[in-house]
Every structure is written in C-alpha cells, then in structure tokens.
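**Student:** My structure is below; once you've seen it, I'll send some questions.
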Amino acid sequence: MRIAVFPGSFDPITLGHFDIVERAVPLFDKIIIAIGQNSQKNYMFSLEQRKEFIRNTFKDFPNVEVDNFEGLTIDYCRSKNVNFILRGLRNPADFEFEKAIAQTNRTLTQDNKIETIFLLTSSGKSFISSSIVREIITFKGDYELLVPQAVRV
Ligand code: ADP
Numbered sequence: 000m001r002i003a004v005f006p007g008s009f010d011p012i013t014l015g016h017f018d019i020v021e022r023a024v025p026l027f028d029k030i031i032i033a034i035g036q037n038s039q040k041n042y043m044f045s046l047e048q049r050k051e052f053i054r055n056t057f058k059d060f061p062n063v064e065v066d067n068f069e070g071l072t073i074d075y076c077r078s079k080n081v082n083f084i085l086r087g088l089r090n091p092a093d094f095e096f097e098k099a100i101a102q103t104n105r106t107l108t109q110d111n112k113i114e115t116i117f118l119l120t121s122s123g124k125s126f127i128s129s130s131i132v133r134e135i136i137t138f139k140g141d142y143e144l145l146v147p148q149a150v151r152v
C-alpha cells in the first residue's frame with residue numbers, strides 16, 4: 000500500500016491544506032493527516048477540535064484519516080509503516096525550510112528511506128496560512144473565506 004503522512008499543526012486546517020490533500024488523494028492509497036503535538040506550543044484550538052475540523056472536512060473521503068503524534072515525524076511514519084511524507088510548498092521560504100527537513104529525514108532513515116513528496120500550492124491559495132487565519136479569528140474578521148466549512152468558531 001502506498002500511504003502518505005501529511006504532518007502539521009492544523010491550527011486550524013485551511014483551504015491551503017485542503018487543496019494539497021485533495022490533490023494528493025489520487026496519488027496514494029491512503030493519506031493520514033497527522034497532527035504533531037508539541038507540548039511547548041500554545042494552540043488556539045484543542046487537539047480534539049482540530050481533529051474534529053479535519054474529520055468533518057474529509058468525511059466524504061474514505062482514504063483520508065486523521066491521527067495525532069508526539070515526537071519526530073519519521074518515528075511516527077515508522078510506527079505506521081509509512082514511506083511517504085506529504086508537504087505543501089507556498090513560496091521560497093517554505094522551500095528552504097522544507098528542503099532542510101526532508102534531507103535530514105532522509106539522513107535519519109538510512110535503512111528505510113522515507114521520501115518527502117511536495118505539491119506546489121494552487122494559485123490563489125499560497126497566501127493562506129493557519130497563523131493568518133488565527134489572526135483574523137482573533138479580530139473577528141471573515142475567516143470563513145480561508146477555511147473549509149467544517150471550521151467554525
Ligand atoms: P507546520 O507547523 O508543520 O508548518 P502547518 O499546519 O502550518 O504545519 O502546515 C502543514 C503543511 O501544509 C506544510 O507542508 C505547509 O507547507 C502546508 N501548507 C500550509 N498552508 C498551505 C497553503 N496555503 N498551500 C499549500 N500548502 C500549505
């Protein structure tokens with residue numbers, strides 16, 4: 000089975016994330032959207048809320064699952080026997096950052112290479128980020144334009 004893990008904070012999931020997953024669906028047998036929990040980080044939405052937003056967003060996608068993990072993404076992939084990591088690229092800053100992580104992950108998985116597969120953001124979605132959405136929510140703006148319907152606060 001060709002399974003990909005799409006790791007991230009998803010605080011909350013945005014139309015940018017949705018676009019990447021929707022376009023990756025035909026490429027894999029299964030996609031696990033994996034929420035990385037970092038105890039040092041403060042989130043706007045609880046883990047359960049973030050999972051619920053994702054579950055509802057993909058309720059009509061039988062091959063998309065949601066899960067959460069702590070620690071390194073590659074360790075989570077190993078525990079699930081997954082060989083692919085899916086990431087989205089919005090701009091050159093994402094590229095530089097993601098390149099270092101992907102190359103590190105390849106180095107740390109000498110035995111059983113885990114490949115990172117990148118999809119470029121669709122035009123019109125590259126400006127969307129969870130942090131911008133949180134800012135809009137905080138100041139009571141129209142965040143609905145940037146997130147799937149399931150995200151309501
Ligand atoms: P992280 O904290 O790991 O960056 P995010 O939830 O912000 O977690 O992002 C998870 C993944 O989704 C990353 O690969 C990121 O590049 C991608 N992503 C986020 N927003 C967009 C977007 N607007 N278009 C394409 N990819 C995106």
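Counted the way numbering that gives the first Met the number 0 counts, the sequence shown spans residues 0 to 152.
A virtual CB, placed ideally from N, CA and C, is assigned to each residue, including glycine.
The model shown is predicted, which means the values in this text are computed figures rather than measured ones.
Check whether the segment 50-65 touches the segment 75-94, counting contact only when three or more Cβ pairs, one atom from each stretch, lie closer than 8 angstroms.
**Tutor:** These segments do not touch.
**Student:** Asp110 by DSSP, collapsed to three states: which one?
**Tutor:** Within the sequence shown, the letter at position 111 stands for residue 110. The answer is coil: DSSP assigns Asp110 none of H, G, I, E or B.
**Student:** Go ahead and label Phe5 buried or exposed: buried means 16 or more other beta carbons lie within 10 angstroms of its beta carbon, across all protein chains shown.
**Tutor:** The residue given as residue 5 occupies position 6 in the sequence shown. By the 10 Å Cβ count, Phe5 comes out buried.
**Student:** Give the DSSP-derived three-state secondary structure of Gln36 in the structure shown.
**Tutor:** As a working mapping, residue 36 is identified with position 37 in the sequence shown. In this structure, Gln36 counts as strand in the three-state DSSP scheme.
**Student:** Hey, quick one: how far does the beta strand (DSSP E) through Ala3 stretch, first residue to last?
**Tutor:** Here the question's residue 3 lines up with position 4 in the sequence shown. Ile2 to Gly7 is the span of the beta strand (DSSP E), which, as asked, contains Ala3.
**Student:** On the three-state DSSP scale, how would you describe Thr72?
**Tutor:** Position 73 of the sequence shown, counted from the first residue, corresponds to residue 72. Three-state DSSP puts Thr72 in a helix.
**Student:** Is Glu69 closer than 8 angstroms to Ile31 when the C-beta atoms are compared?
**Tutor:** For the purposes of this step, residue 31 is taken as residue 32 along the sequence shown, with counting starting at 1. For the purposes of this step, residue 69 is taken as residue 70 along the sequence shown, with counting starting at 1. The answer is no: Cβ separation not under 8 angstroms.
**Student:** Report all residues from its chain with a CB closer than 6 angstroms to the CB of Phe44; omit the five preceding and five following residues, and keep chain order.
**Tutor:** Within the sequence shown, numbered from 1, the residue matching residue 44 stands at position 45. Correct list, in chain order: Asp10 and Pro11.
**Student:** Given 7 angstroms as the limit, tell me if Asp28 has its C-beta closer than that to any heavy atom belonging to the ligand ADP.
**Tutor:** Residue 28 sits at position 29 when you count from the first residue of the sequence shown. Checking the Cβ of Asp28 against the ligand ADP gives no.
**Student:** Looking at Gly7 and the ligand ADP, is the gap between the Cβ and the nearest heavy atom below 7 angstroms?
**Tutor:** The sequence position of residue 7 within the sequence shown is 8, counting from 1. It does: the Cβ of Gly7 is within 7 angstroms (strictly closer) of some heavy atom of the ligand ADP.
**Student:** Measure the Cβ-Cβ separation of Ile113 and Ile73 and say whether it is below 8 angstroms.
**Tutor:** The count along the sequence shown starts at 1 and reaches residue 113 at position 114. The count along the sequence shown starts at 1 and reaches residue 73 at position 74. Yes, the pair counts as a contact, with Cβ atoms nearer than the cut-off.
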